[in-house]
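Data block below; observations after.
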């Protein structure tokens, strides 16, 4: 898989969050995919989501947020890694993981690093601006 193909696939996985696309995630990620997320404020360390947990988070996000869009601000790729810096905008139309629907639109930025294995994403590390996300919903 070329670096350009990896960058395109990393863009596709980020675009899943805003598109409400029904693409099968197995087209993008390995069966043993792991996503390392920032912990919630009441936990310590990094939250590690297995593929099924990550898919549930994606589904929950789609149910709670509409009009989502992601803009890829920059990407860097080397060997089996792609780093994507992005900006996301979405409107909260439903409850999300304990947060009542605000009806507000929020914008936040983040960085995702994807590791490739066998032509698919095997592991991701995600760091995003939770403060901007929450302030936009307040």
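Residue numbers (this note's numbering): 147 to 284.
Heads up, the beta-carbon is just placed ideally off N, CA and C, and yes, glycines get one too.
Check                                                                                                                                                             : Outcome
Report all residues from its chain with a CB closer than 6 Å to the CB of residue 149; omit the five preceding and five following residues, and keep chain order. : 223
According to the neighbour-count rule (16 or more other Cβ atoms, all chains shown, within 10 Å of its Cβ), is residue 236 buried or exposed?                     : buried
How far does the alpha helix (DSSP H) with residue 207 in it extend, from its first residue to its last?                                                          : 197 to 210
Rounded to the nearest angstrom, what separates residue 241 and residue 159 at their Cα positions?                                                                : 23 Å
Taking the alpha-carbon positions, what's the residue 249 to residue 274 distance?                                                                                : 21 Å
Check the DSSP bridge columns for residue 234 and list the partner residues they point to.                                                                        : 216 and 254
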